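Engineer: Please read through the structure below; I'll follow up with questions.
Number of protein chains: 2
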Amino acid sequence: MINFKLDPKSGVPFYRQIIDQIRYGIASGDLKLGEQLPTVRALAVQLKVNLNTVTKAYKELEIQKILETQQGTGTFIGSLTVNISEKEKHDKLKSICREFMSIAYSYGFDVEDVIQELKQNGGRS
Amino acid sequence: MINFKLDPKSGVPFYRQIIDQIRYGIASGDLKLGEQLPTVRALAVQLKVNLNTVTKAYKELEIQKILETQQGTGTFIGSLTVNISEKEKHDKLKSICREFMSIAYSYGFDVEDVIQELKQNGGRS
DNA sequence: CATATTGTAATAGTTGTATATTACAATATG
DNA sequence: CATATTGTAATATACAACTATTACAATATG
Numbered sequence: 001m002i003n004f005k006l007d008p009k010s011g012v013p014f015y016r017q018i019i020d021q022i023r024y025g026i027a028s029g030d031l032k033l034g035e036q037l038p039t040v041r042a043l044a045v046q047l048k049v050n051l052n053t054v055t056k057a058y059k060e061l062e063i064q065k066i067l068e069t070q071q072g073t074g075t076f077i078g079s080l081t082v083n084i085s086e087k088e089k090h091d092k093l094k095s096i097c098r099e100f101m102s103i104a105y106s107y108g109f110d111v112e113d114v115i116q117e118l119k120q121n122g123g124r125s
Numbered sequence: 126m127i128n129f130k131l132d133p134k135s136g137v138p139f140y141r142q143i144i145d146q147i148r149y150g151i152a153s154g155d156l157k158l159g160e161q162l163p164t165v166r167a168l169a170v171q172l173k174v175n176l177n178t179v180t181k182a183y184k185e186l187e188i189q190k191i192l193e194t195q196q197g198t199g200t201f202i203g204s205l206t207v208n209i210s211e212k213e214k215h216d217k218l219k220s221i222c223r224e225f226m227s228i229a230y231s232y233g234f235d236v237e238d239v240i241q242e243l244k245q246n247g248g249r250s
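Protein chains in written order, with this note's numbering: chain A, 1 to 125; chain B, 126 to 250.
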């Protein structure tokens, strides 16, 4: 199961964030074939977004055969193997890091400060 | 000087990508105080986006005192100083990093991945 | 069978993003 | 001074994203 998390500051549409997290979850083996995802209503409540937003994400993945849905039952991981290219992964990492540093910089931190902190506490503190 | 690049697939608005790249550039030492940025028109042409889009990015950074602009002359990296106490600063850094990593985790990236990326694009100068 | 649960659909309204276009204002340059 | 260059402003248009709301359809459950 994924620990879904939305970042409102990222500029990335919510439904895209949901889609990506599911895709990355499958690709990394974190989500397995047949596993049930949260219901559209449950995830909407959890993420504090509208029902339609979750629905849009699930539906797009269903069209891509990545998810399988059954009305009245739920939404499940389909059998389609998800491959995420190294380039796409790297682009995503870059995008996340840029946003990270953009925020960090606004508090006066530079890359070294952040690296130092991450090395020390692993972001857990 | 930054090698600006937009990723239309990322979902991040163009103007936000421009902002992030500039802030990242400063935080990584790639952009130095007083350095001139491309003119709004030049960057618009280079990135193949509308003049207004670049303007929006520059203007927001100007409001935040990160850039300084002079009509007829150009746009330059300003001197943003942040004054908060050391303890407050460190607490902030910790909380930012925690937030960073929780998002990175949801995409399957770990601390090492992030550190690696930050080192790559920050240690270049 | 009755009811709850799950996904689906449709409509309307608001906000944000980006484009195109035109024009003006301030500064630099010859 | 004349002109080019740079940032600024204003308007209109189109589309995407998100929300709110209501209702329906298919399946599961007691």
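Positions of the beta carbon are idealized from the N, C-alpha and C atoms, including for glycine. Please read these numbers as outputs of a predicted model, since none were measured by experiment.
#1: In whole angstroms, what is the alpha-carbon distance linking Q120 (chain A) and I103 (chain A)?
#2: Can you name the residues of chain B whose CB is closer than 8 Å to the CB of L43 (chain A)?
#3: Alpha carbon to alpha carbon, how far is F14 (chain A) from N50 (chain A)?
#4: Quick check on L158 (chain B): buried or exposed, where buried means 16 or more other Cβ atoms within 10 Å of its Cβ?
#5: Ordered along the chain, which non-local residues of its own chain (more than five positions away) have a Cβ less than 7 Å from that of S79 (chain A)?
#6: Does E242 (chain B) have its Cβ less than 8 Å from a Cβ in chain A?
#7: So that I know if they touch, is there some Cβ in chain A lying closer than 8 Å to that of S250 (chain B)?
#8: What does Y149 (chain B) touch in chain A if you count any residue whose Cβ is under 7 Å from its own?
#9: At a cut of 8 Å, does the stretch 127–142 of chain B reach the stretch 222–241 of chain B through at least three beta carbon pairs?
#10: Tell me which residues of the stretch 151–162 of chain B have at least one Cβ-Cβ distance to chain A shorter than 9 Å, keeping chain order.
Structural biologist: So, from the listed chains and residues:
#1: Here the question's residue 120 (chain A) lines up with position 120 in the first sequence. Here the question's residue 103 (chain A) lines up with position 103 in the first sequence. Roughly 20 Å between the two C-alpha positions.
#2: For the purposes of this step, residue 43 (chain A) is identified with residue 43 of the first sequence, where counting begins at 1. Ordered by position in chain B, no residue passes the 8 Å Cβ test against L43 (chain A), which lies about 13 Å from the chain.
#3: Along the first sequence, one-based indexing puts residue 14 (chain A) at 14. Along the first sequence, one-based indexing puts residue 50 (chain A) at 50. Straight-line Cα distance between these residues: approximately 10 Å.
#4: Taking the first residue of the second sequence as 1, we reach residue 158 (chain B) at position 33. Exposed, because fewer than 16 other Cβ atoms sit within 10 Å of the Cβ of L158 (chain B).
#5: Here residue 79 (chain A) is taken as the residue at index 79 of the first sequence, counted from 1. Here S79 (chain A) has L33 as same chain residues with Cβ atoms under 7 Å from its own Cβ, once five neighbours each way along the sequence are excluded.
#6: Reading the second sequence from its first residue, position 117 is the one you call residue 242 (chain B). By this cut-off, E242 (chain B) is an interface position.
#7: Mapped onto the second sequence, residue 250 (chain B) falls at position 125. Low confidence applies to S250 (chain B): its pLDDT is 40, below 50, so where it sits in the model is not reliable, and the reading given next is rough at best. So, not an interface residue.
#8: Residue 149 (chain B) sits at position 24 when you count from the first residue of the second sequence. Simply R98, M101 and S102.
#9: no
#10: The residues in question are I151, A152, S153 and G154.
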